[in-house]
Structures are given as structure tokens and as C-alpha cells.
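Read in order, the letters of the sequence shown correspond to residues 269 to 502 in the working numbering.
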Amino acid sequence: MLGRRRPAPPDVDALIDDELGAGRPTGWFEPLYAALGGRQELLPWYREGPHPYLEGGLPVPAPATALVVGCGLGDDAAWLAGLGYRVTAFDLAPTAVRAAGARHPDAEIDWRVADLLELPDDLRPADLVVEVHTVDHLPGVVRDAAMQAIATLVAPGGSALIVTRLATSREVADRTPGPPWPQAPSELAAYRAGGLLRVSLEHPEPDEHGCLEVRLVLGRAPVPGEDRGDASSA
Ligand SMILES: C[S@@+](CC[C@H](N)C(=O)[O-])C[C@H]1O[C@@H](n2cnc3c(N)ncnc32)[C@H](O)[C@@H]1O
């Protein structure tokens, strides 16, 4: 008996070209997840378990509220929930959010379909905001808006842990293909414009393109007279 033919994996580059060409900077994520038909391991960013930069330590201890931006298949969110954070995780791709919930059925997480570029009013700021390779998968035209939106999600006294691909210069960023499209160092100023201050920036040596995967920790000053417990209980 012949085995059932599996559909060919999607041509990611063609999908991206089509969507970006049509002026839809985030239009390729949902079709990509949907085209995989459950074969999530074919995702270019597929990974099992949390990103190693999270395991290296978190800037806000549990218990606290945590918000995972562009959660994809949800492994970072599930790991945070297991540590005792009260986690909300969102992604604009409904197929990804469904897959995340199915992949982590026992995790107590508020899974949400939401667009970072059009944040719903009921998405409350959190003590810890985690962003892993979402901004560097967005084209330059929407990046400032994405970073400033991330900044709005950090509660007073809270922190953001960002994992992104960074170029050593604007020139390197401009000539390096993606995704991930490396961010130029100057781009990170958008977080400062959003009220976040840099706490640390760690990275290994640059790769052959002059790019590096950075672990960036940012913080928002507390409101005088309030401690973080106020935000945690929100
Ligand atoms: C490269 S993947 C990384 C997923 C996950 N953070 C991880 O590390 O496995 C980027 C994710 O961001 C999501 N995303 C892209 N733009 C978004 C937006 N504007 N709002 C919310 N999620 C977005 C995509 O659907 C995708 O799941």
C-alpha cells in the first residue's frame, strides 16, 4: 500500500517576498504556520524548550506577571509558567497560538491572538516582558513601532528581556539577508524612546556576517511611592 503523500513544505522565501511586496510586513507568519499542517519542526525557528538566554537568569524573580511577545509555539511561555510566573503569551498567528496551547496543555497560560502593532486595550503591562526573535523577523519599516509597543508592555519597576540578532553596524545590518534581519545598534534607541533604560547587553563573538545574538535587559523606573507588587497583582 502506498504511503499518504505529505504536502511539500512551504517556500518561505517566496511567501515572504509576496507578503512584503504586497505591503504586509507581518502577513507571512500565519500562512507559514498554516502551511506546515502540524509539522512544526519545519519552522525555521523551531526549538524545543526555552531559549538558552532565558535559562541564563531572569531580571525579575517569580512570582510576577510575565508577558511573552510573539510566543510562537509557546516553549518560553510554558517554561516561565513552570517557574511560577503568571504568564500571558500572545502571537498574531492564530495557528501558532492554537499549536502552543495544544503543545503545552497543562501550562496555566493566558494564550492570546494579538498584534503587537495594534495592541488590544486589555493587554495589561507585566513585570517581565520577554521577546525572542520577533522584532528581528519584522522588516525595518515597522520595527520602531514594534519596539515602542514592547516598551508600553513593561510595568513600572518591571523589566524586558529581549533576544535579538544585532549587527555590529548599520552597514552590516543593511547588507545581511534575513529573516532574521539583524538590527542595527542605533535601532535599539526605540526602547529608550519608549521609556526603558538599558540594564545589560550580553553577546558572544560576532558570526561570519558581523552579527551576534544578543541578550538585552531593559528596565522601566518604578513610579515613586509604589513597589512592583502593585503591578503584579493587576
Ligand atoms: C521568529 S518567530 C519566534 C517565535 C518564538 N518567540 C520563538 O522564539 O520560538 C516570530 C514570532 O512572532 C510572531 N509575530 C510577528 N509579528 C508579530 C506581531 N506584530 N504581533 C504578535 N506576534 C508577532 C510570529 O507569528 C512568530 O510566531
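Yeah, the Cβ is synthetic: ideal placement off N, Cα and C, and Gly gets one too.
As the structure is a computational prediction, the values presented were derived from the model and not from experiment.
Ligand 2 heavy atom lying under 6 angstroms from the CB of residue i
| i | result |
| --- | --- |
| H401 | No copy of ligand 2 appears in this structure; the ligands present are ligand 1. |
Cβ-Cβ distance between residue i and residue j below 7 angstroms
| i | j | result |
| --- | --- | --- |
| T523 | H401 | This structure cannot settle anything about residue 523, because the visible part of the chain is limited to 269 through 502. |
| L513 | R466 | Outside the displayed span of the chain (269 to 502) sits residue 513, for which this structure offers no information. |
| P424 | P490 | yes |
| G368 | V397 | Checking the displayed sequence, the identity of residue 368 turns out to be Ala instead of Gly. Not in contact: A368 and V397 (Cβ atoms no closer than 7 angstroms). |
| D378 | V328 | no |
| A349 | V355 | yes |
| R392 | F358 | no |
| G317 | D343 | yes |
| A441 | P450 | yes |
Cβ-heavy atom distance, residue i to ligand 1, below 6 angstroms
| i | result |
| --- | --- |
| W313 | yes |
| L294 | Checking the sequence shown, residue 294 turns out to be Thr, not Leu. T294 Cβ: within cutoff of ligand 1. |
| G305 | no |
| H471 | no |
| G338 | yes |
| H372 | no |
| A417 | no |
| L387 | no |
| H405 | yes |
| L384 | yes |
| D359 | yes |
| A364 | yes |
For residue j and residue i, believed in contact at Cβ under 8 angstroms, the rounded distance
| i | j | result |
| --- | --- | --- |
| L547 | A417 | Any property of residue 547 remains undetermined from this structure, which presents the chain solely from 269 to 502. |
| L385 | A413 | 6 angstroms |
| L341 | R371 | 6 angstroms |
| S421 | T294 | Note that residue 421 is Leu in the sequence shown, not Ser. With a Cβ gap of about 17 angstroms, L421 and T294 do not count as contacting. |
Residue environment, residue i, which counts as buried when at least 16 other CB atoms sit within 10 Å
| i | result |
| --- | --- |
| W313 | exposed |
| D389 | exposed |
| L456 | buried |
| A334 | buried |
| S501 | Its pLDDT being 36, under 50, S501 is placed unreliably in this model, and the value from its coordinates should be taken loosely. The residue is exposed, with fewer than 16 neighbouring Cβ atoms inside 10 Å. |
| R307 | exposed |
| A282 | exposed |
| I284 | buried |
| P331 | exposed |
Exercise for review: Please specify which runs of the beta strand (DSSP E), each continuous and at least 3 residues long, are wholly inside the stretch 414–478, giving them in chain order.
Suggested key: 422–435, 465–470
Check your understanding: Which ranges would you report for the beta strand (DSSP E) in the stretch 323–408 if only whole runs of at least 3 residues count?
Key -> 333–337, 354–359, 377–381, 394–400
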